[in-house]
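As structure tokens, the structure follows; a few thoughts come after it.
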Amino acid sequence: MSDSEKKLIQDYFGRQASFNVYAKDFTTFKTGGPVSAVVYPCEKKDIEFLFNLKKNTGIIVKFVGNGSNILVSDHGFDGVIAFTKNFSHIECEDEIVSAFSGAKLNKVIGFCIEKGLSGLEFLTGIPGTLGGALIMNAGTKTVSISNIVLSVEFMDHDGKWCREKREQITWKYRYSQLKEKAFFILSATMKVKKGNAQEIKKTISEIMEQRKHSQPLEYPSAGSVFKNPEGFFAGALIEQAGLKGYCEGKAKISEKHANFIVNTGNASSTDIWKLMRYIQQTIKNKYNITLEPEIELIGRFP
Ligand SMILES: Cc1cc2nc3c(=O)[nH]c(=O)nc-3n(C[C@H](O)[C@H](O)[C@H](O)COP(=O)(O)OP(=O)(O)OC[C@H]3O[C@@H](n4cnc5c(N)ncnc54)[C@H](O)[C@@H]3O)c2cc1C
617 MSDSEKKLIQ
627 DYFGRQASFN
637 VYAKDFTTFK
647 TGGPVSAVVY
657 PCEKKDIEFL
667 FNLKKNTGII
677 VKFVGNGSNI
687 LVSDHGFDGV
697 IAFTKNFSHI
707 ECEDEIVSAF
717 SGAKLNKVIG
727 FCIEKGLSGL
737 EFLTGIPGTL
747 GGALIMNAGT
757 KTVSISNIVL
767 SVEFMDHDGK
777 WCREKREQIT
787 WKYRYSQLKE
797 KAFFILSATM
807 KVKKGNAQEI
817 KKTISEIMEQ
827 RKHSQPLEYP
837 SAGSVFKNPE
847 GFFAGALIEQ
857 AGLKGYCEGK
867 AKISEKHANF
877 IVNTGNASST
887 DIWKLMRYIQ
897 QTIKNKYNIT
907 LEPEIELIGR
917 FP
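Quick note: the sequence shown, position 126, residue 742 per the working numbering, numbers continuous.
Below, the structure is given as structure tokens:
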């Protein structure tokens, strides 16, 4: 990014812009090199500025919620990372919850508990924002966010603000067409139902216990690295292949959950990437199954 492009960003965002920020400081993997510019938009017009910046200069603009599903290259990312955390308002009317994309899922769940609304409990323990969850169609083996979404408001790639109903968007397991349709997701409405706050809390603590038991939450990670291939569980395949505990530098295939790669110290994104390739090659050779990454790679990998 040129100095004049940086100045353009600085002039618009002022103190809401910084430069050469390391991805290891904002990703849950705690890895990744310098990002040319990071900004904190807080209004629709800021998104419009970013859209025009991209259109007029070709600078890549990437939105980041909690950085819990991304792996940023050690070479960094020559573009703008726009954090969505300022878009965080949550409200409800009867049995419909509306939330902005930067709202963390645990805050949305907390809001529902307060209002005695049930339906979002399955998202417990997913350390992301609503925007990230909509892009990834986050969820569990059996339920995904697409099951409860009613509508999504977003800016498309022509710079137009749109609201689409759930049925207008294609959703699959860990895939949402919003990835292609949306430049930026602003908000979504979700269907919930009246419930008992005590029961909701009980379900949530059971899910959290289960996660603590089965996931290596004590280490930085990005959750499951690979999608489950049709008819199989990626974790089970990796475990059967004897790969649990295998390391590349300080990146390790978790002993607790084979589909998690954990950063056990100062792992680099390259260590994680090499481990991913090794897993993919091993599973292909042993079972002739292709594992597709669930996490998103940003920037250049060797
Ligand atoms: C310990 C752990 C457990 C996890 N468990 C699960 C699980 O059970 N199920 C599951 O599905 N996932 C799980 N994940 C992965 C991850 O938390 C989810 O995918 C989450 O929804 C990502 O949200 P995020 O805000 O961190 O997204 P980010 O990583 O910040 O971004 C992910 C993608 O969404 C895009 N994006 C984010 N916000 C916007 C926006 N407003 N507009 C446009 N694009 C946007 C980004 O550009 C990027 O492409 C887990 C991760 C960890 C670390």
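Virtual Cβ for every residue (Gly too), placed ideally from N, Cα, C.
Q: Count the other C-beta atoms from every protein chain shown that fall within 10 angstroms of the C-beta of H829, then say buried if there are 16 or more, exposed otherwise.
A: exposed
Q: Inspect the CB distances between the stretch 864–874 and the stretch 818–825 and report whether three or more fall short of 8 angstroms.
A: no
Q.
For V696 and Q814, I'd like the C-alpha separation in whole angstroms.
A. 43 angstroms
(Q) Check this for me: beta carbons of K860 and A874, under 8 angstroms apart or not? (A) yes
Q.
So for Y656, helix, strand or coil by DSSP?
A. coil
Q) Quick one: is the Cβ of E912 within less than 7 angstroms of any heavy atom of ligand 1? A) yes
Q | Distance, T819 Cα to F583 Cα | A | A question about residue 583 goes unanswered here, because the residues of the chain that appear run from 617 up to 918.
Q | DSSP three-state assignment for L766, whether helix, strand or coil | A | strand
Q) Any heavy atom of ligand 1 closer than 7 angstroms to the CB of V931? A) For the chain, the structure presents residues 617 to 918; residue 931 sits outside this window and is missing.
(Q) Between the stretch 771–779 and the stretch 721–733, can you find at least three pairs of beta-carbon atoms closer than 8 angstroms? (A) no
Q | Ordered list of alpha helix (DSSP H) runs contained in the stretch 757–833, each at least 4 residues | A | 794–797, 813–830
Q | Alpha-carbon spacing of L766 relative to V680, whole angstroms | A | 23 angstroms
Q. Three-state secondary structure (DSSP) at L733?
A. strand
(Q) Tell me whether T745, by its Cβ, gets closer than 7 angstroms to a heavy atom of ligand 1. (A) yes
Q.
Restricting to Cα atoms, I'd like to know which of I712, A838, S618 is closest to F642.
A. A838
**Q.** Contact belief for I854 with I899 at Cβ below 8 angstroms, rounded distance in angstroms
**A.** 7 angstroms
Q: Using DSSP bridges, identify the partner residues of P650.
A: Y638
Q. Roughly how many whole angstroms lie between the Cα atoms of V808 and C658?
A. 27 angstroms
Q.
Once DSSP output is grouped into helix, strand and coil, what is the label at T593?
A. A query on residue 593 cannot be resolved here, the shown segment of the chain reaching from 617 to 918 and no further.
**Q.** CB-CB length for P909 against T886, believed under 8 angstroms
**A.** No, P909 and T886 are not in contact; Cβ-Cβ is about 15 angstroms, not under 8 angstroms.
Q: Report buried or exposed for G741, applying the criterion of at least 16 other Cβ atoms within 10 angstroms of its Cβ.
A: buried
Q: Using 10 angstroms around the beta-carbon of A852, count the other beta-carbons present and answer buried if the total reaches 16, otherwise exposed.
A: exposed
Q) Which residue from I888, Y894, A804 puts its Cα closest to that of I764? A) A804
Q) Cβ atoms of G747 and T700: under 8 angstroms apart, would you say? A) yes
Q: For the alpha helix (DSSP H) holding F629, just list the boundary residues, first then last.
A: 619–629
Q. Using CA coordinates, which residue listed in L736, N753, K661 is at the minimum distance from K795?
A. N753
Q. With a Cβ-Cβ cutoff of 8 angstroms, do Y656 and N702 count as a contact?
A. yes
Q) Whose C-beta lies closer than 8 angstroms to the C-beta of L750 among residues of the same chain, with five residues either side of it excluded? A) S717, I761, V765, V768, S792, L794, I801, A804
Q: Using a threshold of 8 angstroms, state whether the C-beta atoms of L907 and M806 are closer than that.
A: no
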